[in-house]
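Before any comments, here is the structure.
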Amino acid sequence: MENYIAMLLVVAPGFIARNIYERLNSGEKEKSDFRRTVIALLHSIPIIVISLVVVVSLTEIETIPQLMKYMEDIWNILKYTTLMLMVSVLYGTMLSIIHPKYTTALANVIRKSRGLSEVSQEDDVWNIMFNNNESQPVAIFKDGKQIACGLVKNWNHADNEEKELILEGEWIEEHLDEDDVTRTYYSLDKDILIKEYSLEELHSKLKQKNSTG
1 MENYIAMLLV VAPGFIARNI YERLNSGEKE KSDFRRTVIA LLHSIPIIVI
51 SLVVVVSLTE IETIPQLMKY MEDIWNILKY TTLMLMVSVL YGTMLSIIHP
101 KYTTALANVI RKSRGLSEVS QEDDVWNIMF NNNESQPVAI FKDGKQIACG
151 LVKNWNHADN EEKELILEGE WIEEHLDEDD VTRTYYSLDK DILIKEYSLE
201 ELHSKLKQKN STG
């Protein structure tokens with residue numbers, strides 16, 4: 001039983017931190033259980049080290065035997081677990097802020113020196129297209145035929161295998177013009193084309209219609 005608890009305390013912090021990182025950043029989740037476990041273990045190392053440093057700094061522990069004796073007390077284990085959970089959340093949050101920005105910047109410096117194109121901080125094109133706080137006027141085409149049109153109200157995160165949208169205001173279709181297309185999303189595998197139109201132009205046309213109507 002003690003071995004299971006010890007294993008949980010080693011692996012869980014990394015899983016918590018990684019899950020927070022994935023939720024706060026765009027991109028596909030790692031689907032391999034083995035790779036997820038290895039990544040969790042790697043993230044657990046700094047979390048455990050930070051937690052132990054905090055414990056040592058707040059107590060009179062100076063040796064490993066003293067630390068082992070400290071962990072024999074159930075209340076000390078609970079306090080340590082609580083501390084580790086807090087560190088895991090903070091670590092995952094900080095990782096989500098620092099990791100994409102600086103590692104991508106470093107990768108782009110290297111790629112640029114080799115004459116290669118730069119990469120985006122976003123890991124998933126879906127989130128690049130639908131990472132907007134404003135309503136996006138879109139028209140969706142499947143196999144060359146328009147199947148939906150409207151303002152994007154909600155969309156799911158890229159870690160979901162099924163890409164889904166909630167649209168409202170299908171009446172905007174009559175106000176959409178090909179000259180107002182700002183971006184185009186295309187899925188080669190599913191032959192789905194999504195055109196995004198200028199929200200500013202749409203507002204301008206609606207305002208003009210209301211003033212003349």
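Residue numbers are given in the UniProt record's numbering: position 123 of the sequence shown equals residue 123, and the series is strictly consecutive.
Glycine included, C-beta positions come from ideal geometry on N, C-alpha and C.
Can you tell which of the options has the C-alpha that lies nearest to the C-alpha of residue i?
i: Asp189; options: Glu134, Lys142, Arg35; result: Lys142
i: Tyr91; options: Ile48, Glu178, Leu58; result: Ile48
i: Ala6; options: Leu116, Val56, Met84; result: Met84
i: Leu165; options: His175, Gly150, Trp171, Asp179; result: Gly150
i: Ser135; options: Asp179, His203, Val125, Lys112; result: His203
i: Thr11; options: Phe34, Ser117, Arg183, Ile147; result: A small correction: the amino acid at residue 11 is Val; Thr does not occupy that position in the sequence shown. Checking every option, the nearest Cα to that of Val11 belongs to Phe34.
i: Ile39; options: Glu22, Ser51, Glu168; result: Glu22
i: Ile172; options: Lys207, His99, Thr212; result: Lys207
i: Lys145; options: Lys209, Thr212, Ile192; result: Ile192
Is it buried or exposed, residue i, if we count other Cβ atoms within 10 angstroms and call 16 or more buried?
i: Ala105; result: exposed
i: Asn127; result: buried
i: residue 216; result: Residue 216 lies beyond the residue range present for the chain, which begins at 1 and ends at 213; the question has no answer from this structure.
i: Gly14; result: buried
i: Glu196; result: buried
i: Ile45; result: exposed
i: Lys163; result: buried
i: Pro137; result: buried
i: Leu78; result: exposed
i: Tyr186; result: exposed
i: Ser51; result: buried
i: Val87; result: buried
i: Val109; result: exposed
i: Leu24; result: exposed
i: Leu58; result: exposed
i: Leu176; result: buried
i: Leu42; result: exposed
i: Val53; result: exposed
Grab the span of the beta strand (DSSP E) containing residue i for me, first residue to last.
i: Lys153; result: 145-155
i: Glu178; result: Premise fails: Glu178 is in no beta strand (DSSP E) and is neither H nor E.
i: Ile141; result: In the sequence as presented, Ile is not what sits at residue 141; that position holds Phe. Taken as a continuous stretch (DSSP letters only), the beta strand (DSSP E) holding Phe141 covers 137-142.
i: Lys195; result: 192-197
Ordered along the chain, which non-local residues of its own chain (more than five positions away) have a Cβ less than 8 Å from that of residue i?
i: Asn76; result: Tyr70
i: Val89; result: Ile16, Ala17, Ile20
i: Ile61; result: Val55, Leu67, Tyr70
If you follow the alpha helix (DSSP H) that residue i is part of, which residue opens it and which one closes it?
i: Leu165; result: From DSSP, Leu165 is part of no alpha helix (DSSP H) but of the beta strand (DSSP E) over 165-168.
i: Asp73; result: First-last for Asp73: undefined, no H or E at that position.
i: Asn127; result: 125-129
i: residue 214; result: An answer regarding residue 214 cannot be provided, because it is not within the stretch 1 to 213 covered by the chain.
With a threshold of 7 Å, establish whether the CB of residue i neighbours any heavy atom of the ligand FMN.
i: Ala107; result: In the structure shown, the ligand FMN is absent, as is every other ligand, since no ligand is present at all.
Skipping 5 residues on each side, what residues in its chain have a beta carbon closer than 6 Å to that of residue i?
i: Phe130; result: Trp155
i: Leu8; result: none
i: Ile194; result: Val138, Ile140, Tyr185
Within its chain, find whatever has a CB closer than 7 Å to the CB of residue i; leave out the 5 residues flanking it on each side and keep chain order.
i: Glu201; result: Asp180
i: Leu95; result: Ala17, Tyr21
i: Ser198; result: Asp180, Thr182
i: Lys205; result: His175
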